[in-house]
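Residue numbers (this note's numbering): 1 to 143.
Built from N, CA and C at the ideal position, the CB exists for glycine as well.
Everything on this sheet refers to the single structure shown next.
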Amino acid sequence: MACAIALHNVPEGMVIGAAYAASPNANVFEGTGILMAAIIGLHNIPEGMAVAVPLISGGASKPNALLIAALSGTPTMLGAILGYCLGTTSPLWLSFSLSFASGAMLYVVLGELIPEAVLMWRSKLPSLAVVFGILIGLLLIHL
Numbered sequence: 001m002a003c004a005i006a007l008h009n010v011p012e013g014m015v016i017g018a019a020y021a022a023s024p025n026a027n028v029f030e031g032t033g034i035l036m037a038a039i040i041g042l043h044n045i046p047e048g049m050a051v052a053v054p055l056i057s058g059g060a061s062k063p064n065a066l067l068i069a070a071l072s073g074t075p076t077m078l079g080a081i082l083g084y085c086l087g088t089t090s091p092l093w094l095s096f097s098l099s100f101a102s103g104a105m106l107y108v109v110l111g112e113l114i115p116e117a118v119l120m121w122r123s124k125l126p127s128l129a130v131v132f133g134i135l136i137g138l139l140l141i142h143l
């Protein structure tokens, strides 16, 4: 799970970097970049818990579990640097960076995380959670 989340965090970072590149006149604390960083930061809290809790319940010490959870989030920084560098090159590369990041996140979520959750829970709960999340997303888009 930690490896899948670490892989998932690279494109998340690319989105943050590309968002900063898309608003070059804004400072670090305004514009789309900080908004994306805050949203993805909130999103990473349950991801960190998804890494740490099974480790702790499996017998790992809390400091080791927290260290592994934190390390699974470090690829976000690498992705942010890559997204910013690509995004500042040209509008074409900015579009490519955002498209690649979105596709990669969808692939990891749909191809790795959801099937693993279905196997772990052995119920319809993960599928219902996905549908609920999509509906919440659509609702937020229309607000």
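1. Let me check understanding here. Comparing Cα to Cα, which of Ala18, Val10 and Pro11 lies closest to Ser95?
2. Going along the chain, which residues of its own chain have a beta-carbon closer than 6 Å to the beta-carbon of Tyr84, five neighbours each way excluded?
3. Quick one: residues in its chain with C-beta nearer than 6 Å to the C-beta of Ala101, no 5 flanking neighbours on either side, listed in chain order?
4. If you reduce the DSSP assignment to three classes, tell me which class Pro126 lands in.
5. Using only CA atoms, which one of Met1, Ala2 and Leu7 lies nearest to Pro75?
6. With DSSP run on the structure shown, which of helix, strand or coil describes Ser72?
7. Could you check how far apart the C-beta atoms of Gly73 and Asn44 are, in whole angstroms? I think they sit under 8 Å.
8. So Ile81 and Ala2 are supposed to be a Cβ contact under 8 Å. How far apart are they, rounded?
9. Look at the Cβ atom of Ala65, then the Cβ atom of Leu78, and state whether they are nearer than 7 Å.
10. What's the C-alpha gap between Pro91 and Leu98?
11. Work out the CA separation of Glu116 and Trp93 for me, nearest whole Å.
12. Taking 7 Å as the cut-off, decide whether the C-beta atoms of Ile114 and Pro126 are in contact.
13. Can you give me the start and stop residues for the alpha helix (DSSP H) that Glu12 sits inside?
14. Check Val118 in the structure and name its three-state DSSP category.
Walking through what the data contain:
1. Translated into positions along the sequence shown, residue 95 becomes position 95. Ranking Ala18, Val10 and Pro11 by Cα distance to Ser95 puts Ala18 first.
2. Residue numbering aside, residue 84 sits at position 84 when the sequence shown is read from its first letter. Within the same chain, Tyr84 has close Cβ partners Gly17, Tyr20 and Ala21.
3. The residue given as residue 101 occupies position 101 in the sequence shown. Taking Ala101 as the centre and dropping the five residues before and after it, the same chain places the C-beta of Pro11, Met14 and Val15 closer than 6 Å to its C-beta, in chain order.
4. Numbered from its first residue, the sequence shown carries residue 126 at position 126. Note: Pro126 maps to helix in three-state DSSP.
5. Within the sequence shown, numbered from 1, the residue matching residue 75 stands at position 75. The shortest C-alpha separation from Pro75 is found at Leu7.
6. Numbered from its first residue, the sequence shown carries residue 72 at position 72. Judged by DSSP in its simplified three-state form, Ser72 adopts helix.
7. Here residue 73 refers to the residue found at position 73 when the sequence shown is read from its first residue. Here residue 44 refers to the residue found at position 44 when the sequence shown is read from its first residue. Indeed, because the Cβ distance is near 6 Å, the residues count as touching under 8 Å.
8. In the sequence shown, residue 81 corresponds to position 81, counting from 1. In the sequence shown, residue 2 corresponds to position 2, counting from 1. Not a contact, Cβ separation roughly 21 Å.
9. Along the sequence shown, read from residue 1 onward, the residue named residue 65 stands at position 65. Along the sequence shown, read from residue 1 onward, the residue named residue 78 stands at position 78. Cβ atoms of Ala65 and Leu78: not closer than 7 Å.
10. Position 91 of the sequence shown holds residue 91. Position 98 of the sequence shown holds residue 98. Using only the alpha carbons, I get a separation of about 11 Å.
11. Numbered from 1 along the sequence shown, position 93 holds the residue referred to as residue 93. Numbered from 1 along the sequence shown, position 116 holds the residue referred to as residue 116. When rounded, the distance between both Cα atoms is 33 Å.
12. What you label residue 114 is simply residue 114 of the sequence shown in a count that begins at 1. What you label residue 126 is simply residue 126 of the sequence shown in a count that begins at 1. Going by C-beta atoms, Ile114 is nearer than 7 Å to Pro126.
13. The residue given as residue 12 occupies position 12 in the sequence shown. Where Glu12 is concerned, the enclosing alpha helix (DSSP H) stretches over Ala2 to Ala22.
14. Numbered from its first residue, the sequence shown carries residue 118 at position 118. Looking at Val118 - three-state DSSP - the assignment turns out to be helix.
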